[in-house]
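In what follows, a single structure is set out as structure tokens and then discussed.
Number of protein chains: 2
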Amino acid sequence: MATYSVGVDLGGTNLRIAAVDGDGKLLEKITSGTEVQLGRDFVIGEMCNAIESLVAKHHGSRRLTGIGIGVPGFIDMDTGTVMRSPNLPDWLNFPVRDEIERRLSTKVILENDANAAAMGEKWLGAGRDVDHMAMYTLGTGVGGGLVLHGRLWHGMNGMAGELGHFNVEPEGHPCGCGSRGCLEQYASATAIVRMAHEAIARGEAGDLAQASRGNVEFNSRVVYQLAIQGDASAQKIYRSVGRALAIGVGGMVNALNLPMYVIGGGVASAWDAFAPTMLEWMKVRSSIYSLTAPDRPEASKKHTLVTRALLGGDAGLLGAARLPMLEHLTHTEATRS
Amino acid sequence: MATYSVGVDLGGTNLRIAAVDGDGKLLEKITSGTEVQLGRDFVIGEMCNAIESLVAKHHGSRRLTGIGIGVPGFIDMDTGTVMRSPNLPDWLNFPVRDEIERRLSTKVILENDANAAAMGEKWLGAGRDVDHMAMYTLGTGVGGGLVLHGRLWHGMNGMAGELGHFNVEPEGHPCGCGSRGCLEQYASATAIVRMAHEAIARGEAGDLAQASRGNVEFNSRVVYQLAIQGDASAQKIYRSVGRALAIGVGGMVNALNLPMYVIGGGVASAWDAFAPTMLEWMKVRSSIYSLTAPDRPEASKKHTLVTRALLGGDAGLLGAARLPMLEHLTHTEATRS
Chain A
1 MATYSVGVDL GGTNLRIAAV DGDGKLLEKI TSGTEVQLGR DFVIGEMCNA IESLVAKHHG
61 SRRLTGIGIG VPGFIDMDTG TVMRSPNLPD WLNFPVRDEI ERRLSTKVIL ENDANAAAMG
121 EKWLGAGRDV DHMAMYTLGT GVGGGLVLHG RLWHGMNGMA GELGHFNVEP EGHPCGCGSR
181 GCLEQYASAT AIVRMAHEAI ARGEAGDLAQ ASRGNVEFNS RVVYQLAIQG DASAQKIYRS
241 VGRALAIGVG GMVNALNLPM YVIGGGVASA WDAFAPTMLE WMKVRSSIYS LTAPDRPEAS
301 KKHTLVTRAL LGGDAGLLGA ARLPMLEHLT HTEATRS
Chain B
1001 MATYSVGVDL GGTNLRIAAV DGDGKLLEKI TSGTEVQLGR DFVIGEMCNA IESLVAKHHG
1061 SRRLTGIGIG VPGFIDMDTG TVMRSPNLPD WLNFPVRDEI ERRLSTKVIL ENDANAAAMG
1121 EKWLGAGRDV DHMAMYTLGT GVGGGLVLHG RLWHGMNGMA GELGHFNVEP EGHPCGCGSR
1181 GCLEQYASAT AIVRMAHEAI ARGEAGDLAQ ASRGNVEFNS RVVYQLAIQG DASAQKIYRS
1241 VGRALAIGVG GMVNALNLPM YVIGGGVASA WDAFAPTMLE WMKVRSSIYS LTAPDRPEAS
1301 KKHTLVTRAL LGGDAGLLGA ARLPMLEHLT HTEATRS
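Protein chains in written order, with this note's numbering: chain A, 1 to 337; chain B, 1001 to 1337.
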């Protein structure tokens, strides 16, 4: 019998659930609002109901491999608990994974949402032909995930891959993590809007000021629109995003020497506004990148690729669905695939 | 027949060669000066002669497993060449490994010196009971090495582990790598002496100024001596070393969530002058460390240890000797050990 698994992407705004077959084909997708303010038990109840209705539909024709759930926050993989999450404060120190397994009587894998997105891009996206990659998800915050030998690198208890909290400015903008100057404060959608407001406050940015007073929601896309229309202040903001990423990604190139670094999340759609600066500065910020850059074929036969994610908003959902499938493979099978 | 291997630590000043048995016992050690200024062929010739005399002595009683050589610089593992090295400029783009193998008719493993030191600490030192660790070697520069599943993590072509070029100050002191503000510029012995001279130039440091005019060589140990004698300027320098390490090590804790980070090299003997600041600041700079710090047992059952290296100056030599032994183990055996 053919198999399938269920992937869940629990975001701050939307709850998305999908049935996905072993080849990565999306059989069905359900999207609803996440009502986090109604509390943990409500959200878990809604999620379990939606999963059960999806499973009931596919029951009989396919065998369920398991359920993978991506949630924002630091996950302790040993205990299946959320250790820290700005979006899910009342989930802390609660055995989320065990509770969901109990309700659904099925194996559940709880995973950080950015790790799930990294697995999605590894499985079906930009990283499908490499064994090792790092992924940066530039959204409201900056998430990260590491794939080594085809599997997520969890570290000792599942909290690895927090690449958004790489320091890029030691006395920089305060970060929700308690530090200052994290990459997240210079390369997220939130940071782009903040930098636009800072430019407006300095009186440097007439067009940005006008846009911020308009009827449309003033977000990082609006800043990008102005940048591609030639507005110097908006372009400067995206160049600073590129320089921050050069330090962050360049540091990881120096540390891990992976063949691929994937940039995803909503901000990645502004690739042409920040990537040229990022790639140029990476040669300065990372010796290893400068020795392996694709446009320097004389230096090394193997190249470091820094590239856009391919799966858009579905990376996390598809990656979450992949997780129970990998549990069913032996280590040898997984690294061969 | 019992086995042994030969480890080589080729430094900018000294060439050290040792015969080491399978249990890590040092059978014999030869130390001589490295006459790098006489050129590549001379140094390789001296090294091969010393190795051959060592092998001739142990021939008959033990079987040689192989030769491991740690050299300063970025090594391309595929080609066995040095890609970049401030100390060995005329070694670049020369097939060093093949040349040595040809002369000695034995399997040779060429490795970055800091990677070799990491392997030494993993085998016989601070990391002997963990599967995964990162090591920082604070010497003239700052080297790094990553051990994952008991093996060195090389990345795609052997250049991984450059943890000394983690950025800690984006517009900071220029670094030999071409970037600015690398950890190496704030936590190496060279950096400590530079910061002392900067403090003297600012007129802040009377005792340091006096020491720098003395007959004794003015190095990081002299600054440390003043720090433990209570000199405020010297203490301030070591606290800044601690803060820089907190950003560098903290960033790697966030990225990799390893159980252990080992600090070695000559500067590590000033542990009590920089470590309290480092450990305090890591809780601020790294969310993952703050959730897993050993003095916060309520947060996580597993703890992140940041600790001193145990093998002193022999780490690189012993680690280099270990490399050919690991080549002889299967992957399964190695990860089990």
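The beta carbon of each residue, even a glycine, is placed where N, CA and C say it ideally should be.
Span separating the alpha-carbon of residue i from that of residue j
i, j, result
"Lys1302/B", "Met1135/B", "19 angstroms"
"Ala1334/B", "Leu1148/B", "Any reading at Ala1334/B needs caution, since the residue's pLDDT is 46, under 50, leaving its predicted position unreliable; the model's value is listed next. One C-alpha to the other measures close to 11 angstroms."
"Glu1298/B", "Tyr224/A", "44 angstroms"
"Met159/A", "Arg1285/B", "15 angstroms"
"Arg180/A", "His173/A", "5 angstroms"
"Gly312/A", "Lys1122/B", "41 angstroms"
"Lys1283/B", "Arg102/A", "35 angstroms"
"Arg221/A", "Lys25/A", "30 angstroms"
"Asn219/A", "Tyr1289/B", "33 angstroms"
"Val1020/B", "Thr140/A", "54 angstroms"
"Ser1061/B", "Asp1113/B", "29 angstroms"
"Leu27/A", "Asp131/A", "27 angstroms"
"Leu975/B", "Gly1230/B", "The question about residue 975/B has no answer, for chain B in this structure spans 1001 to 1337."
"Leu207/A", "Ala201/A", "Here residue 207/A is Asp; the residue named in the question, Leu, does not match the sequence. About 13 angstroms."
"Leu92/A", "Trp1281/B", "24 angstroms"
"Phe94/A", "Val82/A", "7 angstroms"
"Ala1205/B", "Gly1264/B", "28 angstroms"
"Glu217/A", "Glu1327/B", "59 angstroms"
"Met1001/B", "His1154/B", "32 angstroms"
"Thr1330/B", "Cys1175/B", "Any reading at Thr1330/B is ruled out, since the residue's pLDDT is 48, under 50, leaving its predicted position unreliable."
"Glu1052/B", "His1059/B", "10 angstroms"
"Ala191/A", "Gln1210/B", "48 angstroms"
"Asp1098/B", "Leu258/A", "25 angstroms"
"Gly214/A", "Ser32/A", "29 angstroms"
"Ile1237/B", "Cys1182/B", "16 angstroms"
C-beta contact flag for residue i and residue j at 8 angstroms
i, j, result
"Gly1068/B", "Ala1320/B", "yes"
"Ser1005/B", "Leu1064/B", "yes"
"Ile1017/B", "Ala1050/B", "yes"
"Glu184/A", "Gly164/A", "yes"
"Val1096/B", "Gly1080/B", "yes"
"Arg1308/B", "Ala1246/B", "no"
"Thr1013/B", "Thr1034/B", "yes"
"Arg981/B", "Gly1120/B", "Any property of residue 981/B remains undetermined from this structure, which presents chain B solely from 1001 to 1337."
"Gly22/A", "Leu310/A", "no"
"Gly1039/B", "Asp1090/B", "yes"
"Val55/A", "Asn87/A", "no"
"Leu1152/B", "Ala1118/B", "yes"
"Ser353/A", "Arg1084/B", "This structure does not reach residue 353/A, given that chain A is present from 1 up to 337, and the question cannot be answered."
"Pro1324/B", "Lys1107/B", "yes"
Residue i: contacting residues in chain B (beta-carbon distance under 9 angstroms)
i, result
"Phe166/A", "Phe1166, Asn1167, Gly1251, Asn1254 and Ala1255"
"Lys301/A", "Asp1076, Asp1078, Thr1079 and Asn1157"
"Ser179/A", "Ile1247, Gly1250, Val1284, Arg1285, Ser1286 and Ser1287"
Cβ-Cβ separation, residue j to residue i (assumed contact under 8 angstroms), whole Å
i, j, result
"Ala1199/B", "Ser1233/B", "5 angstroms"
"Met1260/B", "Met1156/B", "Met1260/B to Met1156/B, Cβ: 25 angstroms. No contact."
"Leu146/A", "Ala187/A", "In fact, because the Cβ distance is near 18 angstroms, the residues do not count as touching under 8 angstroms."
"Ser1212/B", "Ala1196/B", "7 angstroms"
"Gly127/A", "Val262/A", "6 angstroms"
"Gly1066/B", "Ile1030/B", "Contact doesn't hold; Cβ gap of about 18 angstroms is too wide."
"Val249/A", "Val306/A", "6 angstroms"
"Gly251/A", "Gly1251/B", "7 angstroms"
Residue i Cβ short of 7 angstroms to the ligand HEM heavy atom set
i, result
"Leu291/A", "In the structure shown, the ligand HEM is absent, as is every other ligand, since no ligand is present at all."
Chain-ordered chain B contacts of residue i [CB-CB under 8 angstroms]
i, result
"Arg84/A", "Ser1287 and Leu1291"
Listed by chain order, chain A residues near residue i by CB distance under 7 angstroms
i, result
"Leu1160/B", "Note on residue identity: the sequence assigns Ala, not Leu, to residue 1160/B. Chain A residues near Ala1160/B: Ala255, Leu256 and Asn257."
"Leu1163/B", "Ala255"
Partner residues on chain B for residue i, Cβ-Cβ distance less than 7 angstroms
i, result
"Pro170/A", "Val1168, Glu1169 and Ile1247"
"Leu326/A", "Correct list: empty, because the minimum Cβ distance to chain B is about 17 angstroms."
### Task
Count the CB pairs spanning the stretch 1262-1274 of chain B and the stretch 1234-1244 of chain B that are closer than 8 angstroms, and state whether there are at least three.
yes
#### Entry: Inter-stretch contact at 8 angstroms, needing at least 3 Cβ pairs: the stretch 1009-1026 of chain B / the stretch 1304-1317 of chain B
yes
### Task
Kindly confirm or deny that the stretch 285-295 of chain A and the stretch 168-181 of chain A touch, where touching means at least three C-beta pairs closer than 8 angstroms.
no
### Touching by the beta-carbon criterion (3+ pairs, under 8 angstroms), the stretch 1066-1085 of chain B and the stretch 1037-1045 of chain B
no
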